[in-house]
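Heads up, the thing below is written out as structure tokens.
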Amino acid sequence: MKYIFFCLLFVLTINAKAQHADTLSTDISKTKKLKEVVVTATRTNKSMMQVPMPVTTISNKEIKNRGLVRLNEILNEQTGLSVLPDAHGQGIQIQGFSPDYTMIMLDGLPLIGRTTGILDLSRITTNNIEKIEIVKGPVSSLYGSEAMAGVINIISATPPVGASGSVSVRYGTNKNADVSLNGAYATKRLSLSGFVNRYSSSGYTLVPESGSPTVSPFYGYTLNGNLGYKFSDRTHIKFQVRDYTSTADNNFLVDNDRITGDGTEKNLNASAGLTHRFTDKFTGDVRLYHAGYSTKSLLINNTDNSVYDETFFDQNFNRAELQGDYKIINTLRFTGGVGGQDESVKATRYNDKKTFQSGYAYGQADWTPLKKLDVILGWRFDAHSVYRSQFSPKLAASYQFSDKFVVLASTGKGYKAPDFRQLYLNFTNAIVGYSVFGYEEAATELKKLQDQGQIQTVLIDPATLQSLNAESSTAYNFGYRYKPFTGLMWTVNVFRNNIRDLIDSQPIAIKTNGQSVFSYFNIHNVYTQGAETDISYNFLAHWTVAGGMQYLEAYDQSVLDKIKAGQVFGTDQATRETIKVKKSQYGGLLNRSKYMANARIAYQDEKTGIITSVRAIYRGRYGFSDVDGNGIVNRDDEYVKGYVLFNASVSKLFLNNQLRLQVTGENIGNYKNPGAISNLAGTLIYAGVTYNFNKQ
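Rendered as structure tokens:
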């Protein structure tokens with residue numbers, strides 16, 4: 012099957028790169044497009060065709076044309092990306108990596124606030140952005156931990172000279188309302204912009220008989236401000252503040268008891284930067300950054316008005332960084348920097364306040380020995396107060412056979428540091444009775460349970476284990492970009508990631524109540540590999556067809572070795588007999604689809620102001636549960652069946668494109684799977700209106 016798929020990949024590919032679809036100029040037949048520039052992949056401005064790494068860009072115009080307003084909505088329609096839901100929100104999967112291996116950034120600075128590894132994408136509005144850049148594959152040589160799978164960088168828009176602003180409203184199913192007010196003023200030296208966004212929903216319930224909502228009603232506010240000032244052509248400063256606050260109305264049943272209460276979530280980001288061009292060859296940057304994230308929840312049992320659960324979580328992140336960019340000769344540029352970070356967390360499930368300190372240095376040489384050849388050599392060294400120091404190298408190259416065809420290849424090492432949860436968690440489920448301890452807490456807490464007579468059997472003595480190491484991967488990417496003529500763009504990328512020291516939870520003891528005590532260890536040898544392709548084609552002045560596919564394999568090598576040795580057993584679904592599991596039956600890592608695809612057709616007419624598109628997103632079946640208890644996916648009833656989602660939008664522009672009326676539909680086919688997929692609420696219909704003004 013996979014060989015047929017690869018042939019289809021090569022011959023019938025129909026993918027969409029965002030920037031080539033909806034970003035038509037005022038008159039595409041008369042206006043020559045400028046070369047697209049990306050920043051995230053190299054920390055410097057670089058032509059899209061020349062960047063030697065897999066990169067996707069999504070323009071602001073494309074997001075508006077599709078009627079999408081939250082980050083999870085737009086990412087879900089991109090090739091090779093899968094939005095994964097859990098109880099704490101929606102994260103993104105890249106090249107088979109879980110969401111906690113992808114760094115989410117705002118203007119090059121990391122956003123914090125992960126719960127169980129998920130940084131909830133739905134809390135991030137796409138309002139007031141210029142574009143989104145997605146780099147696939149490890150970028151730890153530039154950005155450190157959490158960039159093991161890739162980076163998603165949200166880049167803020169720069170306001171035009173003069174006064175400008177906009178008002179936009181979107182309202183639809185489940186009383187979902189998204190309201191934004193933007194304002195900006197800019198001169199040749201001063202740039203001032205900001206926006207306010209309110210996002211709310213009545214929530215929804217996929218299983219009414221449960222008496223509990225799948226998503227509780229909530230409302231949230233985002234306030235964002237940017238200030239920039241040019242002292243001269245050589246020196247400018249920039250300040251940015253972003254504040255997000257959300258409140259959820261919790262109301263659910265537990266053992267026939269009604270539990271109610273409020274949960275709040277807050278996220279504050281503040282940054283300051285100074286850039287000075289010392290000479291025509293040397294530019295320096297200073298950046299200061301603070302991020303704070305907190306949650307608080309108080310749940311009351313309405314039966315007796317007792318406190319059912321009360322939790323809090325407070326995280327702080329501070330960073331200072333110096334970066335220099337020096338053009339040594341016309342064909343060689345060096346970018347390097349040093350910095351330091353301080354992180355802390357204080358939470359209900361930690362014994363006391365925990366802190367990390369780290370310092371780092373990075374360097375990158377961008378060499379073009381030939382006009383058509385570009386070679387990038389990068390490295391980063393991270394020294395940490397808790398886990399072992401990390402060295403992350405990277406080598407990438409691109410070669411332009413012509414202006415139409417570019418081959419690119421890269422290899423590099425990525426890493427992800429153990430987080431506070433994996434090191435310091437101290438949690439016991441009061442109802443079920445199991446316990447989970449971080450690596451640093453396991454030995455002490457297990458001893459306490461032994462002294463209290465709660466331990467029946469010790470499976471692993473934590474005191475005998477080596478220190479918890481950062482997870483690491485060695486990645487290989489190879490592909491090409493092909494633009495045979497104006498309007499057609501085709502990209503292909505083949506990838507392989509070898510992952511070492513994967514951190515996973517395992518039982519270390521059995522309690523006298525029969526429940527387990529868990530902790531975290533470096534155990535697995537995992538790999539992901541596959542291929543993806545994108546193609547888009549603009550034709551007949553107003554039309555675009557596009558699409559993409561990904562083939563993915565994600566396996567635990569230790570499981571494959573055991574299967575080969577005949578040591579893995581399962582239960583036959585039909586006969587319930589115990590059988591040896593074959594390699595062909597092993598479904599790989601949970602929540603990874605072997606096949607994913609998307610397709611789109613769009614129409615845009617500048618004269619009439621009509622813009623419309625229809626999109627289809629396919630996700631193949633993926634492992635969801637372990638029914639026969641052998642720890643792997645190996646039976647048909649352990650999978651979620653594949654499905655297709657259909658999205659569409661139509662809009663009309665008025666008043667010289669200042670006024671936009673729009674209708675958007677998501678999941679038009681009303682697909683639901685309440686038992687496995689919590690972020691598919693059925694068909695969602697939205698109506699929106701946007702008014703823009705610009706007085707130069």
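In our numbering, the protein residues as written are 12 to 707. We put the CB at the ideal spot given by N, CA and C, even for glycine.
ask   = What is the DSSP secondary structure of Ser-689, reduced to helix, strand or coil?
value = Position 678 of the sequence shown, counted from the start, is the residue given in the question as residue 689. Residue state, collapsed to three classes: coil.
So for Leu-35, helix, strand or coil by DSSP? Against the sequence shown, residue 35 aligns to sequence position 24. Low confidence applies to Leu-35: its pLDDT is 33, below 50, so where it sits in the model is not reliable enough to give any reading.
Since Arg-298 is in the beta strand (DSSP E), which residue starts that stretch and which ends it?
Within the sequence shown, residue 298 is the residue found at index 287, counting from 1. Element bounds for Arg-298: 293–312.
- [ ] Classify Thr-455 as helix, strand or coil using the three-state DSSP reduction.
- [x] The residue you call residue 455 lines up with position 444 of the sequence shown. In this structure, Thr-455 counts as helix in the three-state DSSP scheme.
Report task. List the DSSP bridge partners of Gln-433. Result -> For the purposes of this step, residue 433 is identified with residue 422 of the sequence shown, where counting begins at 1. In the DSSP output, where bridge partners are listed per residue, Gln-433 has none listed.
According to DSSP, is Pro-473 part of a helix, a strand, or is it coil?
Here residue 473 refers to the residue found at position 462 of the sequence shown. DSSP places Pro-473 in helix when its eight states are reduced to three.
Requested in this report: Determine, using beta-carbon pairs with one atom in the segment 282–302 and one in the segment 265–272, whether at least three such pairs fall under 8 Å.
Outcome: Pairwise C-beta distances place the segment 282–302 out of contact with the segment 265–272, as fewer than three of them are shorter than 8 Å.
Of the residues Leu-120, Pro-404 and Val-178, which one's Cα is nearest the Cα of Ala-283?
Residue mapping note: residue 283 aligns to position 272 of the sequence shown, counting from 1. Among Leu-120, Pro-404 and Val-178, the Cα nearest to that of Ala-283 belongs to Leu-120.
Between Thr-623 and the rest of its own chain, which residues show a CB-CB distance below 6 Å, the 5 nearest in sequence each way excluded? Counting from 1 along the sequence shown, the entry for residue 623 is found at position 612. Cβ within range, chain order: Tyr-614 and Val-661.
Distance, Cα to Cα, Ser-232 vs Asn-208?
Indexing the sequence shown from 1 puts residue 232 at position 221. Indexing the sequence shown from 1 puts residue 208 at position 197. Just to set this straight, residue 232 is Tyr in the shown sequence, not Ser. Going from the Cα of Tyr-232 to the Cα of Asn-208 covers about 6 Å.
On the DSSP bridge list, what partners appear for Gly-581? Residue mapping note: residue 581 aligns to position 570 of the sequence shown, counting from 1. Within the DSSP bridge table, the entry for Gly-581 names Ile-590 as partners.
Note to self: For Ile-74 and Val-80, I'd like the C-alpha separation in whole angstroms.
What the structure shows: The residue given as residue 74 occupies position 63 in the sequence shown. The residue given as residue 80 occupies position 69 in the sequence shown. Spanning the alpha carbons of Ile-74 and Val-80 requires a straight line of approximately 7 Å.
Touch test, the segment 232–252 against the segment 212–222, Cβ-Cβ under 8 Å, three pairs minimum | The segment 232–252 vs the segment 212–222: no contact.
ask   = Between Val-651 and Gly-634, what straight-line distance do the alpha-carbon atoms span, to the nearest angstrom?
value = In the sequence shown, the residue the question calls residue 651 occupies position 640. In the sequence shown, the residue the question calls residue 634 occupies position 623. Their backbone Cα atoms lie some 6 Å apart in a straight line.
Q.
Classify Arg-200: buried if its beta carbon has 16 or more other beta carbons within 10 angstroms, exposed otherwise.
A. On the sequence shown, residue 200 is found 189 positions in, with the first residue counted as 1. With fewer than 16 neighbouring CB atoms inside 10 Å of its own CB, Arg-200 falls in the exposed class.
Mark Gly-464 as exposed unless 16 or more other C-beta atoms lie within 10 angstroms of its C-beta, in which case mark it buried. For this step, residue 464 is matched to residue 453 along the sequence shown. Its Cβ having fewer than 16 others within 10 Å, Gly-464 is exposed.
To the nearest angstrom, how far is the alpha carbon of Tyr-112 from that of Asn-313? Along the sequence shown, read from residue 1 onward, the residue named residue 112 stands at position 101. Along the sequence shown, read from residue 1 onward, the residue named residue 313 stands at position 302. So the two alpha carbons sit approximately 40 Å from each other.
* To do: Note down, one range per segment and in chain order, each alpha helix (DSSP H) of at least 4 residues found wholly within the segment 314–398.
  => As far as the segment 314–398 is concerned, it has no whole alpha helix (DSSP H) run of at least 4 residues.
Mind checking which residues open and close the alpha helix (DSSP H) that includes Leu-773? Residue numbering for the chain in the displayed model covers 12 to 707; residue 773 lies beyond these limits and cannot be assessed.
Could you have a look at Pro-121 and say whether DSSP puts it in helix, strand or coil? The residue you call residue 121 lines up with position 110 of the sequence shown. The answer is strand: DSSP assigns Pro-121 an E or B state.
Quiz item: Of the residues Ser-109, Gln-89, Thr-90 and Glu-88, which one's Cα is nearest the Cα of Pro-96?
Solution: The residue you call residue 96 lines up with position 85 of the sequence shown. When only C-alpha atoms are compared, the closest one is Ser-109.
Checklist entry - Going along the chain, which residues of its own chain have a beta-carbon closer than 8 Å to the beta-carbon of Gly-100, five neighbours each way excluded? => result Taking the sequence shown and counting its residues from 1, the one referred to as residue 100 is at position 89. Within the same chain, and ignoring the five residues on either side of Gly-100 in sequence, the residues whose Cβ sits closer than 8 Å to its Cβ are Thr-126, Ile-129, Leu-130, Asp-131, Leu-132, Ser-133 and Arg-134.
Query raised in the report: By how many angstroms is the C-alpha of Leu-381 removed from the C-alpha of Thr-24?
Result: Reading the sequence shown from its first residue, position 13 is the one you call residue 24. Reading the sequence shown from its first residue, position 370 is the one you call residue 381. A caution first: Thr-24 carries a pLDDT of 33, below 50, which makes its placement in the model too unreliable to give a value.
Quick one: grab the DSSP three-state call for Val-644.
If you number the sequence shown from 1, residue 644 lands on position 633. Note: Val-644 maps to coil in three-state DSSP.
Close Cβ partners of Ser-93 (< 6 Å) along its chain, the five nearest in sequence each way excluded: Within the sequence shown, numbered from 1, the residue matching residue 93 stands at position 82. Short of 6 Å from the beta carbon of Ser-93, and not among the five residues preceding or following it, lie these beta carbons of its own chain, in chain order: Gln-104.
### Task
Going by CA-CA distance only, name the one from Gln-596, Val-50 and Trp-554 that's closest to Pro-65.
Position 54 of the sequence shown, counted from the first residue, corresponds to residue 65. Of Gln-596, Val-50 and Trp-554, the residue nearest in Cα terms is Val-50.
On the three-pair Cβ rule with 8 Å, is the segment 558–572 touching the segment 595–607? Taking a cut-off of 8 Å for Cβ pairs, the segment 558–572 and the segment 595–607 touch, as three or more such pairs fall below it.
Leaving out five residues on either side along the sequence, give the residues of the same chain with a beta carbon under 6 Å from the beta carbon of Gly-4.
-> Residue numbering for the chain in the displayed model covers 12 to 707; residue 4 lies beyond these limits and cannot be assessed.
query: Under the rule that 16 or more other beta-carbon atoms within 10 Å means buried, what is Asp-472, buried or exposed?
result: Here the question's residue 472 lines up with position 461 in the sequence shown. It is exposed - the Cβ of Asp-472 has fewer than 16 other Cβ atoms within 10 Å.
- Distance between beta carbons of Ser-400 and Arg-391, contact taken as under 8 Å: Walking along the sequence shown from the start, residue 391 turns up at place 380. Walking along the sequence shown from the start, residue 400 turns up at place 389. Wrong, their Cβ atoms sit about 11 Å apart, outside the cutoff.
- Message: Tell me which residues share the same chain as Val-528 and place their Cβ nearer than 6 Å to its Cβ, disregarding the 5 neighbours each side in the sequence.
- Response: Taking the sequence shown and counting its residues from 1, one reaches residue 528 at position 517. So the list reads Ser-446, Ile-519 and Ala-520, once near-sequence residues are dropped.
(request) Could you say if the segment 336–344 and the segment 316–323 meet the contact criterion of at least three C-beta pairs nearer than 8 Å? (result) Cβ pair count under 8 Å is below three, so no.
- prompt: What did DSSP end up calling Phe-550 once you bin it into helix, strand or coil?
  reply: For the purposes of this step, residue 550 is taken as residue 539 along the sequence shown, with counting starting at 1. Correct three-state label for Phe-550: strand.
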